[in-house]
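A.B. asks: Structure provided below as structure tokens; questions to follow.
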């Protein structure tokens, strides 16, 4: 089967690498030079999207902020996974939040603002708030913290619409990967604790307590009439899980499934997209990752990291290192949660020293 | 680093796929169209071996029956892993057996024959014997069973030299993957039980009892002044392990390390070849494989196999299906040895029905 991946980033790169064992070929659409272009069986430039879709039996985006023409064309041909509705919902945060609230999912308080002024006013009413641009934001981009001890400079708020969310003083952040196949069968990976820095995932570890997350993701998969792997991010507060947001795709917080699990999120998604069966995922061993943000896994780093037990480094091979840019990640497994946490700390220290902020800072 | 793989078969294909996470690029030398050519960063035709070696920082054969010019040229440049001595020893079975006997490794009785006539005479003296062509034999090729209940037709014995081995009525076959780095540090995977049919691996499962195998492989790695992953095959007889043969490379019986282990044999070998550290391998879960011999993993097979829990199919994508040809394999993990064995049986049944012999027959 010919699988088309829209996007040439690291998610597509890992999907192809994990998909090599399956009897498929992989084609990508996007800017040349991305990690996925280097390993695909063929690459198409964005303007060749029709030829790309026509060549493929199934088309899946590695990332939702992508060219809509391609997704619409693939959807009309019946080749798009996940369905168009779940993807377009993600293009507007206000729309996403409203969808979730209208269907009774547990969320923090939020309000929609049609201008920066309205956003500032609504934020003041909430006391401490996170103001998020409705469009184009991910990995902390377009997010502003107002009213708290470390507010973002207000003048930064650009023109546009916003979602103004109450600031949630969470105990922890977590995420859960679920999937749904074309017959509506649902499966789940183990939920993970996530540690974010400046809106970007620093590290995570699985398993963590469920706290109702499976039930929520299960219902969301049905509400979205979803096909494929879906990632949902949560705030854990006082023993409850509140939905933060979802991602209609494989997700950074699911990279831990590459090792220590019976199936990776990438193979899982590909199998569903291509109509192959997926038995329930099994976590063999506590697993986690540490992201390499703003720094390349090169020089002495790989040797230092790989000398730790049960560690794997993933170098995405991006052309240019930038602050806040994900250049790679480190997978870890361990015989216990405690040892996993110790090893995670050690990897963070090796990558960032005592202060990750110079790599994660805006 | 640029890694050069001599050969374009499935071992090179898996080495590249498993090596994608490392910060290396992969080049292959060999006939075009092989599985590894399709995923490499570049492919060289056999006659371009000098350009290939010059381009690469390290060169490793996926298979020992390969073009010696390339290996010699790479060795002269100090780029060859494993060392030339271990590779050339494997080109002649008589030489290999003599090397092992001279160093006191536990072996079955054997004799060298310079002609088919001498081989027949020596075989008659042993009663029941396996006569093996000294050169070019692997996967049961060039092997003749004499004097037993199902002897090979004697007229098949071609001209050439032979090793005449006593037939060992083993309790089981097993193998062990060991490794040695440039500083002489040695590591071991879990040994596996192997089930062969007509000289070709049908299935295997790890772990199995050690019975002295680690000690033997450890000494062999030193005797060969080895660098990289080495596979040693054993006969288990009455609680003792006798060396059958070794393979100076990753090996079919090590494919189980692709799932359920902290590191696969492929990444293990690549890390040593490129000077990256390897901590001691950990087996997370009983693991094994079933080879797809003489039949393509296509049609309904992938869906049927992948519906079993903790199963992965590997399709090598070879151009042509032939009897006795390895077209792919199935990885299995399970919560216990017992369940692994049940699942293995089921996979064998799905692949071959009640009679594998029509796929394994000569």
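Residue numbers (the numbering used here), protein chains in the order written: chain A, 1 to 362; chain V, 1001 to 1362. Here a beta-carbon is modelled for each residue, glycine too, at the ideal position from N, C-alpha and C.
Given that residue 312(A) touches chain V, what residues does it touch there, using C-beta distances under 7 Å?
C.D. replies: Within 7 Å Cβ-Cβ: 1021.
A.B. asks: Got a sec? Which residues, its chain only, sit under 7 Å from residue 302(A) by beta carbon, not counting five neighbours each side?
C.D. replies: Contacts found: 313.
A.B. asks: Quick check: the stretch 1180–1196 of chain V against the stretch 1308–1323 of chain V, are at least 3 beta-carbon pairs closer than 8 Å?
C.D. replies: No, the stretch 1308–1323 of chain V is not in contact with the stretch 1180–1196 of chain V.
A.B. asks: Residue 1268(V) lies in the alpha helix (DSSP H); which residues open and close that run?
C.D. replies: Run containing residue 1268(V): 1265–1273, per the alpha helix (DSSP H) assignment.
A.B. asks: How far does the beta strand (DSSP E) with residue 5(A) in it reach, from first residue to last?
C.D. replies: Segment 2–6, the beta strand (DSSP E) holding residue 5(A).
A.B. asks: Using a Cβ distance threshold of 8 Å, determine whether the stretch 1238–1248 of chain V contacts the stretch 1139–1151 of chain V, with at least three qualifying pairs required.
C.D. replies: Verdict: no, contact absent.
A.B. asks: Does the distance from the C-beta atom of residue 1204(V) to that of residue 1288(V) stay below 8 Å?
C.D. replies: Yes, the pair counts as a contact, with Cβ atoms nearer than the cut-off.
A.B. asks: Let's test the definition: count the other Cβ atoms within 10 Å of the Cβ of residue 1336(V) and tell me whether it reaches 16, buried, or not, exposed.
C.D. replies: Exposed.
A.B. asks: How many angstroms separate the CA atom of residue 107(A) from the CA atom of residue 266(A)?
C.D. replies: When rounded, the distance between both Cα atoms is 28 Å.
A.B. asks: Measure from the alpha carbon of residue 1054(V) to the alpha carbon of each residue in 1004(V), 1331(V) and 1182(V), then state which is nearest.
C.D. replies: When each option's Cα is compared against that of residue 1054(V), the closest is 1004(V).
A.B. asks: Rounded C-beta distance between residue 290(A) and residue 202(A)? I'm assuming under 8 Å.
C.D. replies: With 8 Å as the limit, residue 290(A) and residue 202(A) qualify as a contact, their Cβ atoms being about 7 Å apart.
A.B. asks: Which bits of chain V does residue 297(A) rub up against, with CB to CB less than 9 Å?
C.D. replies: Chain V residues near residue 297(A): 1023.
A.B. asks: Consult DSSP for residue 1132(V) and reduce its assignment to one of helix, strand or coil.
C.D. replies: Correct three-state label for residue 1132(V): strand.
A.B. asks: Give the DSSP bridge partners of residue 1350(V), in chain order.
C.D. replies: According to DSSP, which records beta bridges pairwise, residue 1350(V) is partnered with nothing at all.
A.B. asks: Leaving aside the five residues before and after residue 38(A) along the sequence, list all residues of the same chain whose C-beta is less than 7 Å from its C-beta, in chain order.
C.D. replies: Within the same chain, residue 38(A) has close Cβ partners 317.
A.B. asks: Going along chain V in order, which residues have a C-beta closer than 9 Å to the C-beta of residue 66(A)?
C.D. replies: Correct list: empty, because the minimum Cβ distance to chain V is about 23 Å.
A.B. asks: Check the Cβ of residue 284(A) against every Cβ in chain V and list those closer than 7 Å, keeping chain order.
C.D. replies: The answer, in chain order, is 1260, 1284 and 1285.
A.B. asks: Assuming residue 1163(V) and residue 1190(V) form a contact by the criterion Cβ under 8 Å, report the distance between their Cβ atoms to the nearest whole angstrom.
C.D. replies: 30 Å between Cβ atoms; not a contact.
A.B. asks: Where in the stretch 47–129 of chain A do unbroken runs of the alpha helix (DSSP H), each at least 4 residues long, occur, reported from the N-terminal end onward?
C.D. replies: Here the runs fully enclosed are 49–55, 68–76, 84–89, 93–102 and 116–126.
A.B. asks: Pull the bridge partners of residue 186(A) from the DSSP assignment, please.
C.D. replies: The partner list for residue 186(A) (beta bridge, DSSP) reads 180(A).
A.B. asks: Give me the Cα-Cα distance between residue 74(A) and residue 1013(V), rounded to the nearest whole angstrom.
C.D. replies: So the two alpha carbons sit approximately 31 Å from each other.
A.B. asks: What are the boundary residues of the alpha helix (DSSP H) that residue 1215(V) is part of?
C.D. replies: Start and end: 1213–1223.
A.B. asks: Enumerate in chain order the residues of its own chain whose CB-to-CB distance from residue 1056(V) is below 7 Å, with the five nearest sequence positions on each side excluded.
C.D. replies: Around residue 1056(V): 1002, 1003, 1004, 1027 and 1079.
A.B. asks: Taking only beta carbons into account, state which residues of the stretch 177–198 of chain A come closer than 8 Å to chain V, listed in chain order.
C.D. replies: Per Cβ criterion, the list is empty.
A.B. asks: Taking its Cβ as the centre, do 16 or more other Cβ atoms sit within 10 Å of residue 117(A), making it buried, or is it exposed?
C.D. replies: The residue is exposed, with fewer than 16 neighbouring Cβ atoms inside 10 Å.
A.B. asks: Report whether the distance from the Cβ of residue 288(A) to the nearest heavy atom of the ligand PLP is below 7 Å.
C.D. replies: For the structure depicted, the ligand PLP is absent and the ligand set is empty, with no information on it obtainable.
A.B. asks: Can you check which of these residues, 1181(V), 1070(V) and 1093(V), is closest to residue 1084(V) by C-alpha distance?
C.D. replies: Cα-wise, what sits closest to residue 1084(V) is 1070(V).
A.B. asks: Roughly how far, in whole angstroms, is the beta-carbon of residue 229(A) from the beta-carbon of residue 177(A), given that I think they are within contact range, below 8 Å?
C.D. replies: Yes, they are in contact, since the Cβ atoms of residue 229(A) and residue 177(A) sit about 6 Å apart, within 8 Å.
A.B. asks: Take every Cβ of the stretch 122–136 of chain A, pair it with every Cβ of the stretch 159–175 of chain A, and state whether three or more of those distances are shorter than 8 Å.
C.D. replies: The stretch 122–136 of chain A is in contact with the stretch 159–175 of chain A.
A.B. asks: Find the residues of chain V that neighbour residue 307(A), judging by a C-beta separation of less than 8 Å, and give them in chain order.
C.D. replies: Those are 1277 and 1279, listed as they occur along chain V.
A.B. asks: Please name the residue in 269(A), 275(A), 274(A) and 259(A) whose C-alpha comes closest to that of residue 330(A).
C.D. replies: That would be 259(A), whose Cα lies nearest to the Cα of residue 330(A).
A.B. asks: Look at the alpha carbon of residue 282(A) and the alpha carbon of residue 263(A), and state the distance between them as a whole number of angstroms.
C.D. replies: Rounded to the nearest angstrom, the two C-alpha atoms are 8 Å apart.
A.B. asks: What would DSSP say about residue 1170(V), mapped onto helix, strand or coil?
C.D. replies: Correct three-state label for residue 1170(V): coil.
A.B. asks: For residue 327(A), collect the residues of the same chain with a Cβ closer than 8 Å to its Cβ; drop the 5 residues on either side in sequence, then sort them by chain order.
C.D. replies: Same-chain partners within the cutoff: 292, 293, 294, 295, 296, 297, 315, 316, 318 and 321.
A.B. asks: Going by other Cβ atoms of all chains shown within 10 Å of its Cβ, with 16 needed for buried, is residue 97(A) buried or exposed?
C.D. replies: Buried, by the Cβ-count rule.
A.B. asks: Taking buried to mean at least 16 other C-beta atoms within 10 Å of its own C-beta, is residue 1068(V) buried or exposed?
C.D. replies: Flag for residue 1068(V) reads exposed.
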